[in-house]
């Protein structure tokens, strides 16, 4: 998409840059035909570049078995990529027409880049909101939801995709029509309003900023000339509309990320603006700022070439290195301006909140080492690539590709050690208030010296080879460079190489290049948190006595650094102990210790009497607008319930263990969450289970097995929570909870290892004869889809047509429809979303038109099947209908 914007702008402005517009516009071609031809050519070019996507998919289809045929892959390419390419090309093309310069294309490029960052950061939010899906011009949320819902089958994009396409394609055609009406040879070739003509500029008196010829070229005169050249270059850069627009977009992006960045999808409350969170803004904005600096550094390097002024400029009698230094200092000045923007927005957020201390040393380290100084290294890279290639667009492509690859290198599983990334410091994305940068703290200055050594080396090469006069091929420039090497220049190169080698030697000798996975966990001493690097933070403690069911007083200790929500954690622990003893029996340990640990932290195995919870899991949630944080209740309930397993229940390793160890606990936790906060909160928690399950299903390579047979966590935990909820909706949640408690207590007393098969057999015996089919939900891979058809309100009843489909999946994802004889809950809701009536029904298979009769309930406005979303895989909009207009 970024390339589409640049190519669209280049298609129209290249004739002006090469001063061939006067000749080409005089050809016997109308301006409208010219406009259409250029657009079609650009669209076909970008579409040809996008063909690498289906080629890669076709290759993957043969390397790895997939149920999708090449025809289905090609259809998805045409339906999704082809239309999105049209949108991207159209926006860049139209903005170039309106601005009559490349600024329009660059504005479109930066807008698309910002869009990509936002949609990737909040992909789950977009995929779950119908309005955001409709307002998404490229349909990322719709496609994500469809792919996750389809699994191994062909995705069905549904009606929302069609509506979104009609909306955005209509707006795009309108924008193109407006641009086509505005375009003409005379108007497009004319100088934009507000810019004086070249002839007028020659009549002006000379500006004091313009460098004058000096009678001598002494070092002081060089300094004065460098100052004048830098001022002229900076003024010319700031006068460009595209630069100002991109700078404004960056400012708006900074404010937006300051408000929303780092907000996890599992936490409804906002996070407190701690200094660590505010300085972490450099992570999502790093790619955007990097591309901004790389592009404009390249543009500045080729400025005289693109404007045709090089014929005069290169004849001026000043040294070549002054030109290079002036451009370098100008872009460094831009980087200096960007740093206070980040600093001001971040400190303003903290001062406005007033609940978190401002850590000035952390701001200095993060915004200087990871900010300003890193920006200088990227500017050096852009200058070097520009001089090496001698081609503006090739330089943009190479430098941007290097930055993108370095940014996303940690996500490449085949890359053994992603620490050797130019301009990136190890541990920058893993900062913790408890241990700082962990083991990477002493390594960061050494890596910083290493990358500055590489940057200085590239700057020496770039300044020495700065082009002057007629452009020459790379081979001729290399020969000229070799012939012009002097001993001071060679000494500078050798010194820089030695500098780089020394830093690399220290990194290897001290073991700084350790894999990211080896970042140490915190060590809790009697008075402080401490990491291997010696970074320490004082700890705080809180102790309480909790009265258990058997009457004994048990100590509960909390060790933490962030004190904001400690009372909620203590309250949730007490609730978890009460609920756990009601289900599983007496608490099996003598005490319980909760410790705040550094982020990031993945789910760990339960440890007897100890819970370790990362600082990102509710410790810094902002309670300004609420007295409670439901995620803290959910998380502590889950962690406390797992405390019964290490000491009381012996689980057999192998198939089905995730279900017994985690799936059952997730179901019980979700039920406790619903009892405390209502069905709306339970429904949102089940939606998170479904999202986690579909994500795991799409990422898995091995065939998916049933819940009782699998050792995959996304099935045994996330899907199991949904399936147990559906069983509880039919049999009764209280009945299922009592059965689970009895099963675990009996197994614990027996002292023998239990398996998931034992659970399934006991459940089959406990269920009534009419509901024993429910155990097939655990033993087989069954999926459902429901749809409410016509709804007719009669004087004494409400007739509702409900159609249901049931499939049984094979091992490679193929689905076979089976007869459906399963009970599913149907409810009537009032205008406020509260339940008015609930019943169990047997949906029709769609072969016959037999409506379900529901009573007329006063205030009921909507009928919905599967209200919690525990069954259906289809679109949620198909599972509800209005009974009457509200």
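Residue numbers (the numbering used here): 237 to 1122.
Positions of the beta carbon are idealized from the N, C-alpha and C atoms, including for glycine.
Values in this document were obtained by computation on a predicted structure and should not be read as measured data.
- In this structure, the straight-line span from the alpha carbon of residue 598 to that of residue 835 is close to 17 Å.
- With respect to residue 901, residue 874 sits close: the two C-beta atoms are nearer than 8 Å.
- Cβ neighbours of residue 1072 within its own chain (closer than 7 Å, five residues either side excluded): 1064, 1065, 1066, 1093, 1095, 1096.
- One Cα belongs to residue 1016, the other to residue 329, and the distance between them is close to 53 Å.
- The shortest CA-to-CA distance from residue 396 to any of 1118, 1114, 1119 is the one to 1114.
- Residue 1061 places its beta carbon less than 8 Å from that of residue 1102.
- Taking residue 957 as the centre and dropping the five residues before and after it, the same chain places the C-beta of 899, 902, 903, 906, 922, 925 closer than 8 Å to its C-beta, in chain order.
- Separation of residue 269 and residue 410 (C-alpha to C-alpha, rounded to the nearest whole angstrom) is 18 Å.
- One thing to note: residue 274 has its Cβ no nearer than 8 Å to the Cβ of residue 252.
- For residue 832, the enclosing beta strand (DSSP E) begins and ends at 828 to 833.
- Secondary structure note for residue 467: its alpha helix (DSSP H) is the uninterrupted segment 455 to 474.
- Nearest to residue 773 by alpha-carbon distance, out of 564, 891, 673, is 673.
- Secondary structure of residue 1016 (DSSP, three-state): coil.
- Cα atoms of residue 1105 and residue 342: separation of roughly 44 Å, rounded to the nearest angstrom.
- The beta-carbon distance between residue 686 and residue 739, rounded to whole angstroms, is 4 Å. This is short enough to meet the 8 Å contact definition.
- Per DSSP, residue 944 lies in no beta strand (DSSP E) segment and is marked neither H nor E.
- Sequence-distant Cβ neighbours of residue 695 in its own chain, meaning closer than 6 Å and more than five residues away, are 616.
- Looking at the backbone, the Cα of residue 240 and that of residue 282 are separated by about 6 Å.
- Spanning the alpha carbons of residue 285 and residue 867 requires a straight line of approximately 45 Å.
- Counting along the chain, no beta strand (DSSP E) covers residue 1080, and no H or E run does either.
- Considering only 775, 610, 575, 1029, the residue with the shortest C-alpha distance to residue 530 is 610.
- For the pair residue 488 and residue 1023, the Cα-to-Cα distance works out to about 43 Å.
- Nearest to residue 1002 by C-alpha distance, out of 1021, 974, 660, 987, is 974.
- Per DSSP, residue 789 lies in no alpha helix (DSSP H); the unbroken beta strand (DSSP E) holding it starts and ends at 789 to 796.
- Three or more beta-carbon pairs separated by less than 8 Å are not found between the stretch 564 to 583 and the stretch 656 to 668, which leaves the two stretches without contact.
- Secondary structure note for residue 1066: its beta strand (DSSP E) is the uninterrupted segment 1060 to 1066.
- Here residue 943 is near residue 952, since their CB atoms are less than 8 Å apart.
- Boundaries cannot be given for residue 659, as no beta strand (DSSP E) includes it and DSSP labels it neither H nor E.
- Of the candidates 831, 576, 400, 908, the residue whose Cα lies closest to the Cα of residue 775 is 831.
- Excluding residues up to 5 positions away in sequence, 251 lie with their Cβ nearer than 6 Å to the Cβ of residue 260 in the same chain.
- In the displayed model, residue 774 falls within a strand according to three-state DSSP.
- Taking C-alpha positions only, residue 1040 is separated from residue 345 by approximately 46 Å.
- Contact between residue 869 and residue 918 fails: their C-beta atoms lie close to 12 Å from each other, not under 8 Å.
- DSSP, read as helix, strand or coil, puts residue 1038 in strand.
- Assignment of beta-bridge partners to residue 1043 by DSSP yields 1019, 1053.
- The bridge partners DSSP lists for residue 1075 are 1062.
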